[in-house]
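Once you know that position 484 of the sequence shown is 484 in our numbering, the rest is easy, because the numbers rise by one and skip nothing. C-beta atoms are modelled at their ideal positions from N, C-alpha and C, and glycine is treated no differently. Just so we're clear, the structure is a prediction, and the values are computed from it rather than from any experiment. Scroll down for the structure; my scribbles are underneath it.
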Amino acid sequence: MKANKLILSAGVFALALSSCTDLDVAIESQYTGLVNTEEAIASNMANVYFQFRDPLGRRYMEAMTLSSDEWTSLAYSGNWVDGYAYAHPSYHTFSPEDATIDWMGVLGRANVLANEVINSDYDIEHKYGARAMRAFYTFIIMDCFGDAPIPDIDYVKANNLDPNDRNPRAEVAKWLEHELIQVIPNLPKETTGENYGKPNMYMAKALLAKLYLNWAVYTSDKVENYDAATAKNERIKDCSIICSEIIDSHEFELGPDAYRFKFSYDNTERVQAHTIKDFIYAMPYDTQTAQGMQWGRSHVYKDVKNMDPSYFGEKLGNSGGAYMTVTPECVERFNLPGDERNFMLAGLVDKDGKDAKGQVYVYNQNTLLPTDVKALDKSGNPLVFTKNITITGEEASNDVGDTQDGWCQGYRSMKWFLCNADYSNGRNQSNDVPVFRFADVLLMKAEAMVRNGDSGAKEYFNQIRRYVKAPELTGDPTLEDIYEERGREFFDELWRRNDMIRFGHFEDEYFPHYKKNSNASFDKTKRIFPVSKNDLDLNPTWKQNTGY
């Protein structure tokens, strides 16, 4: 075992030691090096590549979706209140003790291990992979929490930054740009096969494009001072250029599989068979070997276990938590005639794409489309969801009552289609979650062109409309067109909060985030989450975010 000198940020190092109480760690410390055997390398690199699997599978998902206008939390006569951990995001009243935001340390630990790889005697390709993931994890931390530790001690020293603290968000953005530009040429181009779920050149380019698209947000002097109407983005041309590089590579396309198959229980196999060519970077899941994807648990109808068959076309062996439901404002966005994405909401349309008025139909497990068979509740009555949500109990927890009427509040997502073989195993799913898709690059390109005053954005916009059989635009899209289209295309894919902030809609009214509701906050400091109590306890020199 070879000893290597690893240079770590003490703040990030503290995140890695959940039981550590002594945080007086020297910035330059001597640690035992990583074992350089084939088995050890595979294990350590897997820990770097897949640390995001657990937060993405539940808590990160909850924080992103519940704080947006896509989803709201529900409670059932006191069930699923859980210290208001789910209601707080819906009202923008996050608490440092909420479980939904207590996962920064997971990514911090990944960055520590990435640094160990970078400072080891591993082959250079592993080091570049670790650097790419370190940048990705730091981007997530910065996007969600604002100021963040920069895990690159050389950069920190060269720029006279504090290695033991969270660095200003604008400085983190500058480091991310610097780091991604360095690693991009040295990453593999392969996105499938053995490299599926691991960093690749196009993943890093998509991350850089996302950074550039939100540059004005991230470099604002204060999070609350960003104004979408007046902000100037000095990197918007660079965003357009990076998107063009991905598009012109001809490595990706929207098809050939239809939209709905991209998110199904068998999407791993479809990616490897090259019938899904839209995924630039995804997190792989498997109900047996790569667990943690449990979106169905929160998304489905509460009494789904007692339906035979369920609306997923078969009887399910586990019940639903059902503590999340789609907001009426989100449902209203799915209004384009012929749009295949309308089938992603149970209760919205029938098999012919016509208004189902809340009636839920049994979906075919092979086609993933509704049949003409009405779904029935356990009493044999037609299962009908209500688009509008009525709180009958405690308002602060969005309590709708633990009754049949309460269980039917709000439409439900069909996007991450369930099969019992997966769901019966502890509610784990095998649906891989794409983080960056080619469709996102197309719409980022269109948005960058519109923001830069360039013509021709409809070429990229209409590729998506044509693919999902929705009406095409005859002229270039407006920013509002793009914002609404992103809400349809990336529904339930965790980018809505990011989009809402950039477009200036995070403080809009949407259920239950209404001004008439005394529980709702419209404070612009809520655009970022509070640092969790656990992370502050481990890092006593850190300051809590403004507004918390």
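Would you kindly check if the distance between the Cβ of N545 and the Cβ of I528 is under 9 Å? Mapped onto the sequence shown, residue 528 falls at position 528. Mapped onto the sequence shown, residue 545 falls at position 545. Against a cut-off of 9 Å, the Cβ pair of N545 and I528 comes out as a contact.
Go ahead and pull the three-state DSSP assignment for Q409. The sequence position of residue 409 within the sequence shown is 409, counting from 1. DSSP, reduced to helix, strand and coil, places Q409 within a strand of the structure shown.
Helix or strand or just coil, what does DSSP make of C20? Reading the sequence shown from its first residue, position 20 is the one you call residue 20. With a pLDDT of 32 at C20, under the threshold of 50, the modelled position of that residue is not reliable, and no figure is offered here.
For T541, the three-state DSSP class (helix, strand or coil): Reading the sequence shown from its first residue, position 541 is the one you call residue 541. T541 sits in coil when the DSSP states are folded into three classes, being neither helix nor strand.
Near G380, which residues of its chain fall below 6 Å by C-beta distance, leaving aside the five closest residues on each side in sequence? Along the sequence shown, one-based indexing puts residue 380 at 380. Only residues of its own chain outside the window of five on either side were considered, and among them none has a CB closer than 6 Å to the CB of G380.
Just to confirm before moving on: does the CB-CB distance between I101 and S532 stay below 9 Å? As a working mapping, residue 101 is identified with position 101 in the sequence shown. As a working mapping, residue 532 is identified with position 532 in the sequence shown. Less than 9 Å separates the beta-carbon of I101 from that of S532.
is_contact[S120, chain B] using C-beta, thresh 9 Å: Absent here is chain B; the protein component of the structure consists of one chain.
Count the other CB atoms, across all protein chains shown, that sit within 10 Å of the CB of D537; report buried if there are 16 or more and exposed otherwise. Locating residue 537 in the sequence shown gives position 537, where the first residue counts as 1. Flag for D537 reads exposed.
Do A130 and L107 have their CB atoms nearer than 9 Å? Your numbering for residue 130 matches position 130 in the sequence shown. Your numbering for residue 107 matches position 107 in the sequence shown. Cβ distance not < 9 Å, so A130 and L107 don't count as in contact.
If you reduce the DSSP assignment to three classes, tell me which class V349 lands in. Along the sequence shown, read from residue 1 onward, the residue named residue 349 stands at position 349. Shown here, V349 sits in a strand according to DSSP, grouped into three states.
Do you know whose CA, among D221, I236, I280 and T230, lies nearest S249's CA? Here residue 249 refers to the residue found at position 249 when the sequence shown is read from its first residue. Ranking the options by Cα distance to S249, first place goes to I280.
Measuring straight from C-alpha to C-alpha, what distance separates D24 and L74? Taking the first residue of the sequence shown as position 1, residue 24 is located at position 24. Taking the first residue of the sequence shown as position 1, residue 74 is located at position 74. The predicted model places D24 with a pLDDT of 35, which falls under 50 and marks its position as unreliable, so this point remains unresolved.
By the DSSP assignment, the alpha helix (DSSP H) with S240 in it spans what residues? Position 240 of the sequence shown holds residue 240. Run containing S240: I236 to D248, per the alpha helix (DSSP H) assignment.
Is it the case that the Cβ atoms of D551 and N306 are separated by a distance below 9 Å? The question about residue 551 has no answer here: the residues shown for the chain are numbered 1 through 548.
Pairs of beta-carbons, one from the region 410-417 and one from the region 217-229, closer than 8 Å: are there three or more? In short, these stretches do not touch, since the Cβ pair count stays below three.
Locate the beta strand (DSSP E) running through R437, then write down its first and last residues. Your numbering for residue 437 matches position 437 in the sequence shown. Looking at the DSSP string, the run of the beta strand (DSSP E) that includes R437 is V433 to R437.
Mind checking Y91: buried by the 16 CB within 10 Å criterion, or exposed? Here residue 91 refers to the residue found at position 91 when the sequence shown is read from its first residue. So Y91 counts as buried.
What are the boundary residues of the alpha helix (DSSP H) that includes M283? As a first step, residue 283 is located in the sequence shown; it is residue number 283 there, counting from the start. Per DSSP, M283 is not a residue of any alpha helix (DSSP H); the beta strand (DSSP E) it occupies stretches across F279 to M283.
Own chain, CB closer than 7 Å to T275, minus 5 neighbours either side, in chain order: Stepping through the sequence shown from its first residue, residue 275 is reached at position 275. Hits under 7 Å: P256 and D257.
Going by beta carbon distance, what residues of the same chain come within less than 7 Å of W103, once the five residues before and after it are set aside? Mapped onto the sequence shown, residue 103 falls at position 103. Spatial neighbours of W103 in its own chain (CB-CB distance under 7 Å, excluding positions within 5 residues in sequence) are listed in chain order as P55, R59 and Y60.
Using the Cα positions of E28 and V172, report the straight-line distance between them to the nearest angstrom. One-based indexing of the sequence shown puts residue 28 at position 28. One-based indexing of the sequence shown puts residue 172 at position 172. Unreliable positioning characterises E28 in this predicted model, as indicated by a pLDDT of 41, which lies under 50. The coordinate reading is nonetheless provided below. Answer to the nearest angstrom: the Cα atoms are 21 Å apart.
Taking DSSP as the reference, what is the three-state secondary structure of V223? Looking up residue 223 in the sequence shown gives position 223. V223 sits in a helix when the DSSP states are folded into three classes.
Quick one, which of D440, N498 and N398 has its alpha-carbon nearest Y323's? Walking along the sequence shown from the start, residue 323 turns up at place 323. When only C-alpha atoms are compared, the closest one is N398.
Which of the three DSSP states is assigned to Y423 in this structure? As a working mapping, residue 423 is identified with position 423 in the sequence shown. Helix, per DSSP.
If you compare alpha carbons, which of F261, V441 and E332 is closest to D464? By 1-based counting over the sequence shown, the position of residue 464 is 464. In the sequence on display, residue 464 carries Ile and not Asp. Comparing Cα positions, the closest option is V441.
Less than 9 Å separating the beta-carbons of N111 and S240? Translated into positions along the sequence shown, residue 111 becomes position 111. Translated into positions along the sequence shown, residue 240 becomes position 240. For N111 and S240, no; Cβs fall outside 9 Å.
What do you reckon, are the CB atoms on D278 and E245 nearer than 9 Å? Position 278 of the sequence shown holds residue 278. Position 245 of the sequence shown holds residue 245. Not in contact: D278 and E245 (Cβ atoms no closer than 9 Å).
Check whether the region 358-370 and the region 258-268 are in contact - that is, three or more C-beta pairs closer than 8 Å. Here the region 358-370 makes contact with the region 258-268; the two share three or more CB pairs at distances below 8 Å.
Could you tell me the distance, in whole angstroms, from the CA atom of K543 to the CA atom of P168? Locating residue 543 in the sequence shown gives position 543, where the first residue counts as 1. Locating residue 168 in the sequence shown gives position 168, where the first residue counts as 1. K543 and P168 have their C-alpha atoms some 12 Å from each other.
Tell me, please, whether the region 509-520 touches the region 387-398 by the rule of three or more beta-carbon pairs shorter than 8 Å. As far as the Cβ criterion goes, the region 509-520 touches the region 387-398, which means the pair count is three or higher.
If you reduce the DSSP assignment to three classes, tell me which class Y323 lands in. Within the sequence shown, numbered from 1, the residue matching residue 323 stands at position 323. The DSSP-derived three-state label of Y323 is coil.
Taking all protein chains shown into account, decide if Q30 is buried (16 or more other Cβ within 10 angstroms of its Cβ) or exposed. Looking up residue 30 in the sequence shown gives position 30. Confidence at Q30 is low in this model, with a pLDDT of 39, below 50, so the placement of that residue is unreliable and no value is reported for it.
For Y212, does the three-state DSSP call read helix, strand or coil? Translated into positions along the sequence shown, residue 212 becomes position 212. Residue state for Y212 is assigned as helix, using DSSP reduced to three classes.
Own chain residues within Cβ distance below 7 Å of A439, not counting five before or after: What you label residue 439 is simply residue 439 of the sequence shown in a count that begins at 1. If we look at A439 and ignore the five residues flanking it on each side, its Cβ neighbours are L254, D278, I464 and E489.
Helix, strand or coil: how does DSSP classify I276 here? Counted from its first residue, the sequence shown places residue 276 at position 276. The three-state reading of DSSP puts I276 in strand, counting E and B together.
What is the DSSP secondary structure of Q182, reduced to helix, strand or coil? Working through the sequence shown from its first residue, we reach residue 182 at position 182. Reduced to three states, the DSSP call for Q182 is helix.
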